[in-house]
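One structure is given here, and the rest of the page talks about it.
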Amino acid sequence: MLRKLVNQADVEMTLRPVEPLLIASGVPNATGTDLPFVLTYRRSADAGEPYLPGSSLKGVLRSHAERISRTMAPKARVCDPHLHAKDAAQDASALRVPFCGDRLRPRKGEEGKWESHDLYRQSCPICRTFGSTVYRGRLALGDAYLKDGEAHRIERRDGVGIDRFSGGASRGVKFEMEVLTHGAFRARMRLENFEDWQLGLLALLCRDLEDEMISVGHATTRGLGRLKGAVDRLDVMYIVAPKKHQLDDKRVHGVGALLEDDERRLYGFVSDDHFSLNRAPAVKPQGVRRVQSFADAEVRRTFFDDAIARWSERMDGWMKS
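So that you can map any letter, position 91 of the sequence shown is 121 in the numbering used here, and since no number is skipped, the others follow by simple counting.
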């Protein structure tokens, strides 16, 4: 999008399992375990170590963000990734919105109909942030690796298949799985060219990770996968020409506040794409980059409050924008 970078938010978190965690590799290992934990060999070709794939984390966070938005911001009309446009036409209730990736996908003979700014402008808030099959999202998550010097523990557990008729154990359907019971992982999230309300959505996800409300991996409905998150670093960075934009360090500036009118209209940004901060962060000028650092826990807490309030305000008026 935009083919340039004007702002960026970086969050670094520590994730720990509160409950046993299983993200299966999909391939039985040499010990015969049916569901071994996924491993990476980035440090050594001989000794693998567990990690949390970025794709698994992003999928869970997207699903959680959809749930938050449908509950707290029904006017935003968040799409359903499992609903195709042709099926939505048969839904008389019109309560569900078809997936943006299907709704905006060019049909035969319509190739080249949509430009990137059209796709962004007509996408729902979640697809604008996380992306869809026709548009690259703003939020990126890398793999979460074990923190240096942190020990981890993997245990082997037994499981049995359930007979759906009797409700008891199925004969001959015993399996083994590896679960992670201890470890600390460093996760990094990056939000590029963000609108101000997208920081509020990111803050809601961080808060729910801190409150142990998000689970990841296998068998999350059977007592596995709950995570505890702790934000270690939060920086907001701008790349602007100093003489062109005089930034107020007591505000967070979204992409709409940093673009010219023509670009702003193309993507459907608003000119007042910013919100004020109750507590000012530390500011670190770095050449053409200007970084707001929310290192202090109290400053970070009030930043989350301010960002979530802005998200709520923008989502309430989404259909009018």
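For glycine and all other residues, C-beta sits at the position ideal for the given N, C-alpha and C.
Cβ-based burial, residue i [other Cβ within 10 Å; buried from 16]
i             : result
leucine 159   : The sequence given here has threonine at residue 159, not leucine. That one is buried.
valine 90     : buried
arginine 319  : exposed
tyrosine 71   : exposed
alanine 95    : buried
glycine 347   : exposed
glycine 161   : buried
valine 313    : exposed
valine 209    : buried
serine 74     : exposed
arginine 168  : buried
proline 50    : buried
histidine 259 : A small correction: the amino acid at residue 259 is glycine; histidine does not occupy that position in the sequence shown. Buried: at least 16 other Cβ atoms inside 10 Å.
proline 47    : buried
valine 329    : buried
valine 108    : buried
alanine 325   : exposed
serine 301    : exposed
leucine 125   : exposed
Span of the alpha helix (DSSP H) around residue i
i              : result
valine 90      : 84 to 102
methionine 345 : 327 to 346
proline 155    : 155 to 160
histidine 28   : For residue 28 there is no data in the structure shown, the boundaries of the chain being 31 and 351.
Beta bridge counterpart(s) of residue i as assigned by DSSP
i            : result
arginine 223 : As written in the sequence, residue 223 is asparagine, which differs from the arginine given in the question. DSSP output for asparagine 223 lists no bridge partner at all.
arginine 186 : Glu208
valine 127   : Cys109
serine 301   : DSSP output for serine 301 lists no bridge partner at all.
threonine 70 : Glu79
valine 282   : Phe305
serine 323   : Asp265, Ala312
glutamate 42 : Arg218, Arg263
tyrosine 175 : Tyr81, Arg216
lysine 258   : Arg46
serine 245   : Arg256
alanine 54   : Phe67
leucine 134  : The partner list for leucine 134 (beta bridge, DSSP) is empty, contrary to what the question assumes.
alanine 170  : Arg220
Rounded Cβ spacing between residue i and residue j (contact assumed at less than 8 Å)
i              : j             : result
valine 36      : leucine 288   : 5 Å
aspartate 226  : valine 261    : With a Cβ gap of about 19 Å, aspartate 226 and valine 261 do not count as contacting.
leucine 149    : proline 128   : With a Cβ gap of about 15 Å, leucine 149 and proline 128 do not count as contacting.
aspartate 265  : valine 321    : 5 Å
arginine 151   : glycine 284   : Not quite, the Cβ-Cβ distance comes to about 15 Å (not below 8 Å), so this is no contact.
alanine 214    : glutamate 180 : 4 Å
glutamine 52   : leucine 254   : One point to set straight first is that residue 52 is leucine, not glutamine, in the sequence displayed. Indeed, because the Cβ distance is near 6 Å, the residues count as touching under 8 Å.
arginine 186   : threonine 44  : 26 Å between Cβ atoms; not a contact.
methionine 102 : serine 342    : 7 Å
alanine 310    : lysine 280    : 5 Å
leucine 296    : leucine 171   : About 27 Å; that fails the 8 Å criterion.
Any non-hydrogen atom of the ligand MN within 7 Å of residue i CB
i             : result
glutamate 185 : Among the components modelled here there is no ligand, and therefore nothing to report on the ligand MN.
Pairing CB atoms from the stretch 40 to 50 with CB atoms from the stretch 213 to 226, are three or more of them under 8 Å? yes
Decide yes or no for the touch test of the stretch 170 to 184 against the stretch 76 to 87: beta carbon pairs closer than 8 Å, at least 3 of them. yes
Answer yes if the stretch 282 to 299 comes into contact with the stretch 232 to 240, meaning at least three C-beta pairs across the two stretches below 8 Å, and no otherwise. no
Do the stretch 242 to 254 and the stretch 292 to 306 touch if we need at least three Cβ pairs shorter than 8 Å? no
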